[in-house]
Amino acid sequence: MCLQLLETIRLEIGGGGSDILEARAKALKGLVELVHGNVESAQSFFEGAQGDKGCFGNVALSFGEFLHCKQNFQMARVLYQRAMQDVSERKDFTDSQSVSACNMNLEETLLGATCALGQLEAHLGNFDDAEEILTAALKKAEECFGNYHPKLGIILTCIALMYRHKAAMEQSSSLLIQEGLYRRAIEVLKAPPLEVEGVGATQSRRDILALARGRYAETLIVQQNRKTEGEKMKQWAETAWTNRRLSLAEALES
């Protein structure tokens, strides 16, 4: 709808001044397609985005997430860092470019880019950098939103996943650390009881809850005295999962 409106304005009065808004609209549409699992459709909205003068803030973050999904890690890193720098340097909230750059507020954009960068570094095996970046994101989230906001649950899950990747690569064990992080993440994400079978979870948090509980289940299943609890939790996660781009099993393997 926004893209159609922009085209109408361009036809009636010319395209001057609409470049930044158009970049934001395309990035938002591309991100929606990406979330729905339509990677090829998303690509059409991000083509040429890096050269757009509107590629800053949340636009850079969205483009980075697309490239991260496409496993173009080096360029995704550049865009995450650009988004973080842009938001950190932008102090004037009344600036028209600040408003048009973000469908999230500036703090959320900074947190999103920081968390995404931490995940990327973990995927690349740079665990010290990943831990430092994700810990900074967690502290920032606590400062902005308090100790019990659901956003903390997302970051805690990312930190737990980082420890899992690290343990697998180093052939070590961080089971207790992961278990504690997942338990805390599930708490702040306000997970419903297992008996609710996923339908009680807020729609916007169902997949991250399913991922956290699925991972937590894995740490329980390998413990003989908690195997039954883990299997019940895994079944809940499978029922709650809604992502169409990949299955829960694929997400747990990544």
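First residue of the sequence shown? That's 29 in our numbering, and the numbers climb one at a time after it.
Backbone N, C-alpha and C fix where the C-beta goes; we use that ideal spot for every residue, glycine too.
Practice problem: Would you kindly check if the distance between the Cβ of residue 274 and the Cβ of residue 266 is under 7 angstroms? | Solution: no
Exercise. Name the residue from 52, 63, 271, 102 whose alpha carbon lies nearest to the alpha carbon of residue 147.
Key: 102
Quiz item: Helix, strand or coil: how does DSSP classify residue 129 here?
Solution: Confidence is the limiting factor: at residue 129 the pLDDT is only 42, short of 50, which leaves the residue's position unreliable, though a coordinate-based value still follows. Helix.
Quiz item: Closest by CA to residue 184, which one among 163, 114, 200?
Solution: 163
Practice problem: Look at the Cβ atom of residue 264, then the Cβ atom of residue 234, and state whether they are nearer than 7 angstroms. | Solution: no
Exercise. Note the first and the last residue of the continuous alpha helix (DSSP H) segment covering residue 274.
Key: Judged by DSSP secondary structure, residue 274 falls outside any alpha helix (DSSP H); it is assigned neither H nor E.
Quiz prompt | Rounded C-alpha distance that separates residue 198 from residue 152 | solution = One C-alpha to the other measures close to 13 angstroms.
Quiz item: So, residue 54 versus residue 73, is the Cβ gap smaller than 7 angstroms?
Solution: Taking 7 angstroms as the Cβ cut-off, residue 54 and residue 73 qualify as a contacting pair.
Quiz item: Which whole-angstrom value describes the C-beta separation of residue 178 and residue 224, a residue pair presumed to lie in contact below a C-beta threshold of 8 angstroms?
Solution: Not really, about 17 angstroms apart at Cβ, beyond 8 angstroms.
Quiz item: So, residue 200 versus residue 191, is the Cβ gap smaller than 7 angstroms?
Solution: Not a contact, by the Cβ cut-off of 7 angstroms.
Quiz prompt | Residue range of the unbroken alpha helix (DSSP H) whose run includes residue 72 | solution = 67–74
Quiz item: What's the gap between the Cα of residue 75 and the Cα of residue 58?
Solution: 10 angstroms
Exercise. Report yes if the C-beta distance between residue 107 and residue 92 is below 7 angstroms; otherwise report no.
Key: Yes, the pair counts as a contact, with Cβ atoms nearer than the cut-off.
Quiz prompt | Secondary structure of residue 98, DSSP reduced to three states | solution = coil
Quiz item: Alpha carbon to alpha carbon, what distance is there between residue 89 and residue 140?
Solution: 8 angstroms
Quiz item: For residue 96, does the count of other Cβ atoms within 10 angstroms reach 16, so buried, or fall short, so exposed?
Solution: buried
Exercise. Indicate whether residue 143 and residue 186 have their beta-carbon atoms separated by less than 7 angstroms.
Key: yes
Practice problem: Helix, strand or coil for residue 143, going by three-state DSSP, please let me know. | Solution: helix
Practice problem: Leaving out five residues on either side along the sequence, give the residues of the same chain with a beta carbon under 6 angstroms from the beta carbon of residue 205. | Solution: 191
Practice problem: Write down every uninterrupted run of the alpha helix (DSSP H) in the segment 179–230 whose length is 4 residues or greater and which is fully enclosed by it, in chain order. | Solution: 203–216
Quiz item: Excluding five sequence neighbours on each side, which residues of the same chain lie with their C-beta closer than 6 angstroms to the C-beta of residue 253?
Solution: none
Practice problem: Hey, could you find the ends of the alpha helix (DSSP H) residue 256 is sitting in? | Solution: 255–268
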